[in-house]
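96 is the number of the first residue of the sequence shown in my numbering; add one for each residue after it. Take a look at the structure below.
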Amino acid sequence: MVELELVLITLLVMFFVGAIAMLGVTAAAAWVTARLATNALALARPVVLGPTDIRDVELKVAGLRALDHVDAGVVTAVVPERRRGTRGLDRFSLTDGVRFDLALATPDDRTARLWVPFPTKLTGESRLERVAEACGVFPDEISDAVGTELPLVRDADGRWHVGEARPRDYHSNVDERAYEPDWA
Numbered sequence: 096m097v098e099l100e101l102v103l104i105t106l107l108v109m110f111f112v113g114a115i116a117m118l119g120v121t122a123a124a125a126w127v128t129a130r131l132a133t134n135a136l137a138l139a140r141p142v143v144l145g146p147t148d149i150r151d152v153e154l155k156v157a158g159l160r161a162l163d164h165v166d167a168g169v170v171t172a173v174v175p176e177r178r179r180g181t182r183g184l185d186r187f188s189l190t191d192g193v194r195f196d197l198a199l200a201t202p203d204d205r206t207a208r209l210w211v212p213f214p215t216k217l218t219g220e221s222r223l224e225r226v227a228e229a230c231g232v233f234p235d236e237i238s239d240a241v242g243t244e245l246p247l248v249r250d251a252d253g254r255w256h257v258g259e260a261r262p263r264d265y266h267s268n269v270d271e272r273a274y275e276p277d278w279a
């Protein structure tokens, strides 16, 4: 009886392995067929007209050109927001902060966002206090920042940073803290 059970178990295992192999072969064949059909259709019709027109293209190019001349953004909303960290154990914790929505003066009406965490204490050097100072409001009245302009600096990689005027150290020729990255 034991030999019969071993033979049945072996046949059952072989059946399941064969079924899984057939599913894999079928999936690979379907993928290859779809790729071949897509390539054949591309050869038959190489140009696909989309829903855009030439005005959309011109606006997009004008928007890219205008980004080089943007030096400020208008705060359109100040929203309390919690975010997760991006590294290590910070991914498991939530940090309270404030998100600033900024309208940029471009032909295509681009928007940008700035997130600033709440400080543990007010020292005059926290990011929230620096952004509030750049908006011309007190940190405890941050909602009054709506409608004010934030000075922006665009880096070579295309990311925006808030550039606020900081006290200059007159003992050195370089003020390394003049534009600290506040963009998130």
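Quick reminder that beta carbons are idealized off the backbone N, C-alpha and C, glycines included. Computed from a prediction, not measured in an experiment: that's the story for all the values here.
| Check | Outcome |
| --- | --- |
| Chain D contact for Ala198 (CB, 9 angstroms cutoff) | Structure shown: chain D not included; a single protein chain is present. |
| Exposure of Val269, with buried meaning 16 or more beta-carbon neighbours within 10 Å | Here the model assigns Val269 a pLDDT of 33, short of 50, so the residue's position is not dependable and the matter cannot be decided. |
| Closest Cα partner of Asp191 within the set Thr215, Leu184, Gly183, Thr206 | Thr215 |
| Arg186: first and last residue of the uninterrupted alpha helix (DSSP H) it sits in | Run containing Arg186: none; DSSP gives neither H nor E here. |
| Distance, Glu236 Cα to Arg45 Cα | Here the chain has residues from 96 to 279 only, and residue 45 is not among them. |
| Cα-Cα separation, Val156 to Arg208 | 22 angstroms |
| Secondary structure of Phe195, DSSP reduced to three states | strand |
| Among Ala172, Ala251, Gly180, the one whose alpha carbon lies nearest that of Thr281 | Look at the range of the chain in this structure, 96 to 279, and you will see that residue 281 is not part of it. |
| Contact check, Leu197 vs Val169, beta carbons under 9 angstroms | yes |
| Test item: CB-CB of Leu189 and Arg205 under 9 angstroms | no |
| Delimiting residues of the alpha helix (DSSP H) encompassing Ala114 | 97-139 |
| Strand pairing of Thr243, partner residues [DSSP] | In DSSP, Thr243 forms no bridge with anything. |
| Exposed unless 16 or more other CB atoms sit within 10 angstroms - verdict on Pro175 | exposed |
| Start-to-end residues for the alpha helix (DSSP H) that takes in Val174 | Val174 -> not in any alpha helix (DSSP H); beta strand (DSSP E) instead, spanning 167-179. |
| Assigned exposure category for Leu106 - 16 Cβ within 10 Å defines buried | exposed |
| Cβ neighbour criterion (16 or more within 10 Å) applied to Gly113 | exposed |
| CB of Phe213 within 9 angstroms of CB of Val226, strictly | no |
| Reduced DSSP category for Leu209 - H, G, I as helix; E, B as strand; rest coil | strand |
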